[in-house]
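Residue 111 is where the sequence shown starts when you use my numbering, and the numbers rise one by one after that. Single-structure report; data block below.
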Amino acid sequence: MRVDLHSHTNASDGALSPADLCRHAQRCGVDLLAITDHDTVAGYRVALDWLQAEASSTQDERARPLQLLPAVEYSTVWGSIGVHVVGLGIDPDHPATVEACDFYREARHKRADMIGERLAKLSMPGATEGARALAGSAQIGRPHFARYLLAQGHVRTVEEAFDRYLGAGKPGDIKLLWPELGQVVDWITAAGGVATLAHPLKYRLTATRLRKLAGDFAAAGGAAMEVVVGKQPAQESQFLAQVAEQNNLLASVGSDFHASVTYGSQLGEISALPKSCTPVWSRWLDAAVGNG
Ligand code: AMP
Ligand code: MN
Ligand code: MN
Ligand code: MN
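Have a look at this one:
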């Protein structure tokens with residue numbers, strides 16, 4: 111059973127269309143996939159339509175069905191740190207989900223204007239328009255700015271764009287428009303989802319601060335935490351498993367797949383979850399079995 115509960119399409123900053131991501135997941139042998147685009151469920155909707163059309167046109171009974179879980183990755187702040195919270199199993203049509211995604215669409219456009227102003231002051235004009243053109247109808251984000259800076263020759267790689275201008279603590283790292291942890295947990299929970307603290311090691315916190323974040327997240331109503339993110343050393347999984355258990359958080363796993371090269375891991379390539387963990391996904395598998 112291959113489970114990947116963190117992935118992106120080009121409805122946010124992933125490289126693949128929703129249909130291509132599903133095809134890729136099927137090729138990689140993924141059984142249960144959550145599309146967790148940044149602040150939008152548009153990619154999930156397209157993927158679901160594609161899967162249903164595919165299922166009705168495929169006669170091959172041996173073809174392994176891909177189970178898709180409606181999900182999202184919300185942007186939030188904890189103190190001065192940008193933290194991501196994945197909502198697994200949300201109702202994409204629930205008013206709380208619609209409210210959240212509308213809120214982020216506007217916030218991301220405001221933020222794009224601010225990022226563009228800051229880059230203009232650094233002698234890189236036109237970035238907002240450039241990033242908007244690259245984003246098209248997707249939720250606009252820093253990766254679109256990175257691609258624009260690359261296209262303009264301001265940087266040699268996307269990595270360099272983040273290191274110099276967009277990454278944590280740099281001019282383009284603007285979080286003031288993001289809601290607090292409690293707000294996003296409430297949106298997810300109201301929509302029937304499981305609020306899941308995303309990639310806890312990405313925030314580069316000390317062990318003490320990470321425990322505090324997990325504690326605050328649990329206190330805000332958070333229910334799960336990503337214990338395994340892509341391929342990671344067993345030592346890291348053990349540490350995160352311990353943090354999850356201490357805070358009564360269920361365990362999730364995911365690749366954070368964005369594209370076949372670059373940021374994040376390969377789809378479905380995820381290290382083993384420590385045995386002591388309680389997997390967050392059992393409930394959805396049971397539901398799938400019940401549906402025949
Ligand atoms: P945003 O959603 O606009 O805040 O942008 C955050 C996204 O930028 C993350 O989800 C990653 O996909 C991407 N990202 C963050 N850091 C890097 C990096 N160092 N190199 C490439 N992409 C990155
Ligand atoms: Mn991303
Ligand atoms: Mn993230
Ligand atoms: Mn992600």
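Ideal placement from N, C-alpha and C gives every residue a C-beta, glycine not left out. Computed from a predicted structure; not experimentally measured.
Check whether the stretch 189-201 and the stretch 303-316 are in contact - that is, three or more C-beta pairs closer than 8 Å. Enough Cβ pairs lie closer than 8 Å, so yes.
What residue from Leu323, Pro202, Glu270, Ala222 has the CA that sits closest to glutamate 239's CA? As a first step, residue 239 is located in the sequence shown; it is residue number 129 there, counting from the start. Checking every option, the nearest Cα to that of glutamate 239 belongs to Ala222.
Compare the beta carbon distance of glycine 153 and aspartate 147 with 7 Å and say whether it is the shorter of the two. Taking the sequence shown and counting its residues from 1, one reaches residue 153 at position 43. Taking the sequence shown and counting its residues from 1, one reaches residue 147 at position 37. Taking 7 Å as the Cβ cut-off, glycine 153 and aspartate 147 qualify as a contacting pair.
Just how far apart, CA to CA, sit serine 185 and aspartate 149? As a position in the sequence shown, residue 185 is number 75, starting the count at 1. As a position in the sequence shown, residue 149 is number 39, starting the count at 1. Approximately 7 Å between the Cα atoms of the pair.
DSSP three-state call for tryptophan 188: helix, strand or coil? By 1-based counting over the sequence shown, the position of residue 188 is 78. Secondary structure of tryptophan 188 (DSSP, three-state): strand.
So, with DSSP's three-state summary, where would you put proline 389? In the sequence shown, counting from the first residue as 1, residue 389 sits at position 279. In this structure, proline 389 counts as strand in the three-state DSSP scheme.
Per DSSP, what are the beta-bridge partners of glutamate 183 in this structure? Position 73 of the sequence shown holds residue 183. Beta-bridge pairing links glutamate 183 to His148, Val196.
If contacts are defined as beta-carbon pairs under 8 Å, then alanine 308 and glutamate 183 qualify, I think. What distance do you get, rounded to the angstrom? As a position in the sequence shown, residue 308 is number 198, starting the count at 1. As a position in the sequence shown, residue 183 is number 73, starting the count at 1. Their Cβ separation, rounded to whole angstroms, is 6 Å, which keeps alanine 308 and glutamate 183 in contact under 8 Å.
Please indicate yes or no: does the CB of glutamate 269 lie closer than 6 Å to some heavy atom of ligand 1? Here residue 269 corresponds to residue number 159 of the sequence shown, with the count starting at 1. With a cut-off of 6 Å, the C-beta of glutamate 269 is classified as near ligand 1, since at least one heavy atom of the ligand falls inside that distance.
Assuming alanine 300 is part of the beta strand (DSSP E), what are its boundary residues? Translated into the one-based positions of the sequence shown, residue 300 becomes position 190. Element bounds for alanine 300: not the beta strand (DSSP E) but the alpha helix (DSSP H), 291-300.
Assuming alanine 135 contacts leucine 377 (C-beta within less than 8 Å), just tell me the rounded distance between them. Working through the sequence shown from its first residue, we reach residue 135 at position 25. Working through the sequence shown from its first residue, we reach residue 377 at position 267. About 6 Å separates the two Cβ atoms, so the contact holds.
Go ahead and pull the three-state DSSP assignment for glycine 402. Indexing the sequence shown from 1 puts residue 402 at position 292. In this prediction, glycine 402 scores a pLDDT of 37, lower than 50, which makes its location untrustworthy; no coordinate-derived value is stated.
C-alpha gap between valine 363 and alanine 241, whole angstroms: Taking the sequence shown and counting its residues from 1, one reaches residue 363 at position 253. Taking the sequence shown and counting its residues from 1, one reaches residue 241 at position 131. The alpha-carbon atoms of valine 363 and alanine 241 are separated by roughly 31 Å.
Neighbourhood of tryptophan 288 by C-beta, 6 Å cutoff - its chain only, sequence neighbours within 5 removed: Residue numbering aside, residue 288 sits at position 178 when the sequence shown is read from its first letter. Its chain contains Ser185, Thr186, Val187 as the residues whose beta carbon lies nearer than 6 Å to that of tryptophan 288, once the 5 sequence neighbours on both sides are disregarded; these appear in chain order.
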